[in-house]
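Quick notes on the structure that follows.
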Amino acid sequence: MSERPVRMVLIGATGLVGMSLIAEARSFPHVRLTALSRREAPLPDGARMEMIIADPANWPGAIADMKPDVLACALGTTIRAVGGDEQAIRAVDYGLVLQCAKAAAHGGVRQMVMVSSVGADPYAKNFYLRTKGEIEDAVKKQNFRRVDILRPGLLRGVRGSEVRRAERLATIAAPVTDLLLHGQYRRFRSVQASDVARAMLALSGAKADGRFVHDNDGIWRAPALARAKRGAIPVGPAQAD
19 MSERPVRMVL
29 IGATGLVGMS
39 LIAEARSFPH
49 VRLTALSRRE
59 APLPDGARME
69 MIIADPANWP
79 GAIADMKPDV
89 LACALGTTIR
99 AVGGDEQAIR
109 AVDYGLVLQC
119 AKAAAHGGVR
129 QMVMVSSVGA
139 DPYAKNFYLR
149 TKGEIEDAVK
159 KQNFRRVDIL
169 RPGLLRGVRG
179 SEVRRAERLA
189 TIAAPVTDLL
199 LHGQYRRFRS
209 VQASDVARAM
219 LALSGAKADG
229 RFVHDNDGIW
239 RAPALARAKR
249 GAIPVGPAQA
259 D
C-alpha cells in the first residue's frame, strides 16, 4: 500500500531557496506542496504545486487552517532590500517566521524545516547571525515533534533580477576558496540552493522526533540517506541537539 503524501506548506517561496524547492519538488513525489507568497512570481517549468497569494499578516491563519504535516521556511531578507533597516530585517527573519511557527505548532503541525545560516548564534556580535540564532532557539521551543534547521554556507544559484554584488564576487571566488576549507571549516563552503532545497524535501516526513541541525555535510547527505531508506522518504538527522 502506498504511503500517504506529506503535505508541506512553504513560506519564502519567491526567494532563491524557495524557488529551488518548488523546482526540486517534481522529484519528490511523496511531498504535496503548497506555497504561501505575498506576490505572484514566474514558477519553474513543470512546477507541481499550488501557490496561494496572501498578505504575510494572514499567513499564520492560513497555515493553521491548512494544517499541513510540515512547515518549510525559506524566508529571509537583506540589509540592501530594506534600505539598511535592521528592524525591518528582524520583522521578517524573526517576527514573521516566529508568528508562522507558532500558528503551525498550535495547529498541530508535526514538523518544521527551516533554512538558517552557518555561524548562527544568539550571542553573535553580527546582527544577521544573532537574529538567525535567536529565531533558531525560538522555533526549537515551539510544540513541534520535529524541527530540522539547515545551516548552509554561501548560497549559490540564480537570483533572477536581484543583484547582490558582494555575494556575486564571493560566488565567483567560491571554487577556489572552497578548496581551502577543510575539517571543521567545511561548513563554511558554498552550497547550491538546489542542494538545500533537496535536503528540505528529503527531510520532510522524517519519523524521528527531536531538534536537528544540519550543516553542509548533512545537507549534502540528506537526499541520499532518504533514497537508501524508502525512496524519497527521509531518514535520520545529520546532527542532533
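Numbers given in the numbering used here equal positions in the sequence shown, counted from 1, plus 18. Yeah, the Cβ is synthetic: ideal placement off N, Cα and C, and Gly gets one too.
Along the beta strand (DSSP E) that carries residue i, what are the first and last residues, could you check?
{"i": "V27", "result": "V24 to I29"}
{"i": "A106", "result": "Note, A106: premise wrong, no beta strand (DSSP E); alpha helix (DSSP H) at E104 to R108."}
From residue i to residue j, what distance separates their C-alpha atoms?
{"i": "R207", "j": "A123", "result": "33 Å"}
{"i": "R164", "j": "D227", "result": "5 Å"}
{"i": "V231", "j": "V214", "result": "13 Å"}
{"i": "M67", "j": "R50", "result": "7 Å"}
{"i": "K150", "j": "D63", "result": "32 Å"}
{"i": "V115", "j": "N76", "result": "13 Å"}
{"i": "P23", "j": "F46", "result": "10 Å"}
{"i": "G34", "j": "M69", "result": "Residue 34 is actually Leu in this sequence, not Gly. Their backbone Cα atoms lie some 16 Å apart in a straight line."}
{"i": "T2", "j": "E21", "result": "In the structure as shown, the chain begins at 19 and stops at 259. Residue 2 is therefore absent and cannot be evaluated."}
{"i": "G30", "j": "L93", "result": "4 Å"}
{"i": "D73", "j": "G79", "result": "11 Å"}
{"i": "R169", "j": "A156", "result": "16 Å"}
{"i": "I71", "j": "I81", "result": "13 Å"}
{"i": "E154", "j": "S134", "result": "8 Å"}
{"i": "I190", "j": "M132", "result": "Low confidence applies to I190: its pLDDT is 44, below 50, so where it sits in the model is not reliable, and the reading given next is rough at best. Roughly 26 Å separates the two Cα atoms."}
{"i": "Q160", "j": "A217", "result": "22 Å"}
{"i": "A59", "j": "K225", "result": "33 Å"}
{"i": "Y112", "j": "M37", "result": "21 Å"}
Let's see if you can read the secondary structure: which residues bound the alpha helix (DSSP H) around residue i?
{"i": "H124", "result": "V115 to H124"}
{"i": "T149", "result": "F145 to K158"}
{"i": "G94", "result": "Counting along the chain, G94 falls outside any alpha helix (DSSP H), and DSSP gives it neither H nor E."}
{"i": "D83", "result": "W77 to M84"}
{"i": "S38", "result": "L34 to E42"}
{"i": "V269", "result": "Here the chain has residues from 19 to 259 only, and residue 269 is not among them."}
Taking 8 Å as the cut-off, decide whether the C-beta atoms of residue i and residue j are in contact.
{"i": "L61", "j": "L28", "result": "no"}
{"i": "D233", "j": "V136", "result": "yes"}
{"i": "G12", "j": "A138", "result": "The shown model of the chain, from 19 to 259, leaves out residue 12, and the question about it has no answer."}
{"i": "R56", "j": "K158", "result": "no"}
{"i": "L173", "j": "L39", "result": "no"}
Using a Cβ-Cβ cutoff of less than 6 Å, which residues in the same chain neighbour residue i once the five nearest sequence positions on both sides are dropped?
{"i": "L89", "result": "V27, A122, V127 and M130"}
{"i": "F145", "result": "E104"}
Can you list, in chain order, the residues of its chain whose CB lies under 8 Å from that of residue i, leaving out five sequence neighbours each side?
{"i": "A142", "result": "R148 and G151"}
Within its chain, find whatever has a CB closer than 7 Å to the CB of residue i; leave out the 5 residues flanking it on each side and keep chain order.
{"i": "W238", "result": "D213"}
{"i": "L198", "result": "Residue placement at L198 cannot be trusted, given a pLDDT of 43 that sits under 50; what the coordinates show is reported in the next sentence. Nothing listed; no residue qualifies."}
Return the Cβ separation of residue i and residue j in integer angstroms, given the expectation that the two are a contact with Cβ distance under 8 Å.
{"i": "A242", "j": "L221", "result": "About 12 Å; that fails the 8 Å criterion."}
{"i": "R25", "j": "D87", "result": "5 Å"}
Taking 7 Å as the cut-off, does the CB of residue i come closer than this to any heavy atom belonging to the ligand FMN?
{"i": "R22", "result": "The ligand FMN is not part of the structure shown, which contains no ligands of any sort."}
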